Structures are given as C-alpha cells and as structure tokens.
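A.B. asks: In my numbering, the protein residues as written are 56 to 335.
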Amino acid sequence: MTQTTTRVLEPSDLGAALAILESEPVANAFVASRVQVAGLDPWRLGGEMWGWYADGRLRSLCYAGANLVPICAGPEAVRAFADRARRAGRRCSSIVGPAEPTALLWRLLEPGWGPAREVRANQPLMVTESPSADVTPDPLVRRIRKDETEVLMPACVAMFTEEVGISPLAGDGGLLYQARVAELIGAGRSFARIDDGKVVFKAEIGAATTQACQIQGVWVAPEHRGEGLSETGMAAVLRYALADVAPVVSLYVNDYNTPARKAYRRVGFRETGTFMSVLF
C-alpha cells in the first residue's frame, strides 16, 4: 500500500518544493514567485507551505497564507490538505487555484468554513508568448515611479473594491495593501497611463519568475471605458513583460467578464485552463 503523510515544509525542503512549482510554471507562478524570493520560512513567506508525501517523495503542495492554494494536487492530496486546513481553522481570505483541485478542496471545507462571500467557479486562465500585431501598444503607458505612489493609489483601491467587493482599506486601514502596491512599484512591475494627474489605465505584473509572469489589477477609469484603453494598455504592459520579465505571460479573468476576455484575446492571449476562487 502507498504510504502517505502531510507536514509543514522546512527551509531544507526548498529544492524539492521548487521542482514541483516549476513543473507547471504558468499555473504556479503566484506561489513560485513568493517561494523564489522568500524561501520556505513561514515568517518570510507569509504563510506555511504544506507538503503531501507518497512513499517518502514530495508530490503536492498547498500554500496556506492569506490565500489557500493547492499546487499540483490530486484528489488524495487535496483530502489531506483539507483535513489539515479543518484542524487549523480558517485563516485565509480566499481559496484559489486550478479549478478541479480547488473545487474539491472547497467541497470538503464548505461544511465547516462556509458560507463563502462569493464563489467564482470558472475563471479562464489565459496565456501568451507573443503580442498580437493587431493592437498597437499605448505609448503613454509606462512604469510608475516611486514618487507617484499617491497618484496611483486611488486607482488601485477602486480596482480592488470593484473586483473583490470589499475595500482593501478595511481592517488595518490599508497598510498591508499600500505596502504591496509600493513593493510592485519598487520592483518596476506597476504600469499606468496618467493623464492630467489622473490614472486612466493601470495594471501590474503581480507575480514573476524566470519562466512565467502573471498580470493582475487591470483597470480602466469608468469615464474612459469603451475607448479601447484596455486593449492598447494591455498591449503595452505585455510588451514590457515579455521584454523584461518572462517569456510567458498569463492572467485569469472571470468567465462573465465577456468584454475583458474579448480584449485579451485581441491582444494575443488564448485560454488554456480554468482557475477557481472562493472569497470570504
């Protein structure tokens, strides 16, 4: 019989954990980018990394921090992670990951953790290695400077509130969120078009490894929607991402956001999988 076990990984497990993360570089970009920078120390990583072993070999991971993220996890591993999550109690604000393992994880946790504030069961994962020639990048979209943080922040708050349904300023007054915005600006991964001192388009490269990166936080000011800024702006960010960050660029989007999916396809993205998010 197969012998299985689950435990919290330690810094000495870094090599084995990275091998799993790098086996699916696009799907795992969010967690892989954190681990490559912070390692597996929970304090630096911002959460624990759980490992599922079969016959003494590390097979699957689950990041347990602000998000609960199953990684390369089959049904048996998901059940083991669900058992551990139930014992620990809910400390995350969301469960997110590839749709199949995330759906099973939520089914197992829902009786104790539910109800969720929102379940987004079908979020297409979109990928590209090259921009479309049909959309000209907006030349006014550029990297944001550190001294422009206060100009960008209202747009970031508006995007988060619109997308997630709650303000990022709740709870701690937005200190953690502001720190994350500043971190991305400092890393050169925050982009925007600013007209007359106001952000009209913005997006960030939220996760980045040498193999893949993930665009997030795409937002157009309401008064400028319908003008094509999401396409030309995304084309500009995509150009930066492919030239400076990674050879593959991804994002995931809500299935009901038909205009965004159409815009991303025009820019050069194609749908390659499905993510799922459970929001608390």
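Ideal Cβ positions, reconstructed from N, Cα and C, are used throughout, including at glycine. Please read all numbers here as calculations on a predicted model, not as lab measurements.
Along the alpha helix (DSSP H) that carries S38, what are the first and last residues, could you check?
C.D. replies: What is shown of the chain runs 56 to 335, which leaves residue 38 out entirely.
A.B. asks: Let me know the secondary structure DSSP gives E79 once reduced to three states.
C.D. replies: coil
A.B. asks: Do three or more CB pairs link the segment 291-307 to the segment 256-272 at distances below 8 Å?
C.D. replies: yes
A.B. asks: According to DSSP, is D227 helix, strand or coil?
C.D. replies: helix
A.B. asks: Using DSSP bridges, identify the partner residues of P186.
C.D. replies: P186 is not bridged to any residue.
A.B. asks: For V196, does the three-state DSSP call read helix, strand or coil?
C.D. replies: coil
A.B. asks: Please return the same chain residues whose Cβ sits closer than 7 Å to the Cβ of S88, not counting the five positions on each side in sequence.
C.D. replies: A262, A263, T264
A.B. asks: Please state if the CB of A296 and the CB of I270 are separated by a distance shorter than 8 Å.
C.D. replies: yes
A.B. asks: By Cβ distance below 8 Å, which residues in the same chain neighbour D250 in space, the five residues on each side in sequence not counted?
C.D. replies: L195
A.B. asks: Take V322 as the anchor and find which of W105, S305, Y311, F335 has the nearest alpha-carbon.
C.D. replies: S305
A.B. asks: Give the straight-line distance between the Cα atoms of L123 and C117, rounded to the nearest whole angstrom.
C.D. replies: 7 Å
A.B. asks: Taking 6 Å as the limit between beta carbons, can you name the residues of its chain near R23, skipping five residues before and five after?
C.D. replies: The requested residue 23 is not part of the displayed model; the chain covers only 56 to 335.
A.B. asks: If A267 sits next to A72, beta carbons under 8 Å apart, how far is it from one beta carbon to the other, in whole angstroms?
C.D. replies: The pair is not a contact, with the Cβ atoms about 17 Å apart (cut-off 8 Å).
A.B. asks: Please say whether S149 and V333 have beta carbons closer to each other than 8 Å?
C.D. replies: yes
A.B. asks: Give me, in chain order, the residues of the same chain whose beta-carbon lies closer than 7 Å to that of A242; leave out the 5 immediate sequence neighbours on both sides.
C.D. replies: The same chain holds no residue with a CB closer than 7 Å to that of A242 once the five nearest residues on each side in sequence are set aside.
A.B. asks: Would you kindly check if the distance between the Cβ of A109 and the Cβ of T183 is under 8 Å?
C.D. replies: no
A.B. asks: Tell me, which residues are paired with P179 by DSSP?
C.D. replies: Its beta-bridge partners are T329.
A.B. asks: Mind the definition here: the segment 273-280 touches the segment 227-241 only if three or more C-beta pairs lie below 8 Å; say whether that holds.
C.D. replies: no
A.B. asks: Just to confirm, is the Cβ distance from T157 to M331 under 8 Å?
C.D. replies: Cβ atoms of T157 and M331: closer than 8 Å.
A.B. asks: Quick check: the segment 133-141 against the segment 97-109, are at least 3 beta-carbon pairs closer than 8 Å?
C.D. replies: yes
A.B. asks: Do you know offhand how far M181's Cα is from G328's?
C.D. replies: 7 Å
A.B. asks: Just to check my reading of the structure: V236 and L207 have Cβ atoms closer than 8 Å, yes? What is that Cβ distance to the nearest angstrom?
C.D. replies: In this structure V236 touches L207 by the C-beta definition: roughly 7 Å separates them, less than 8 Å.
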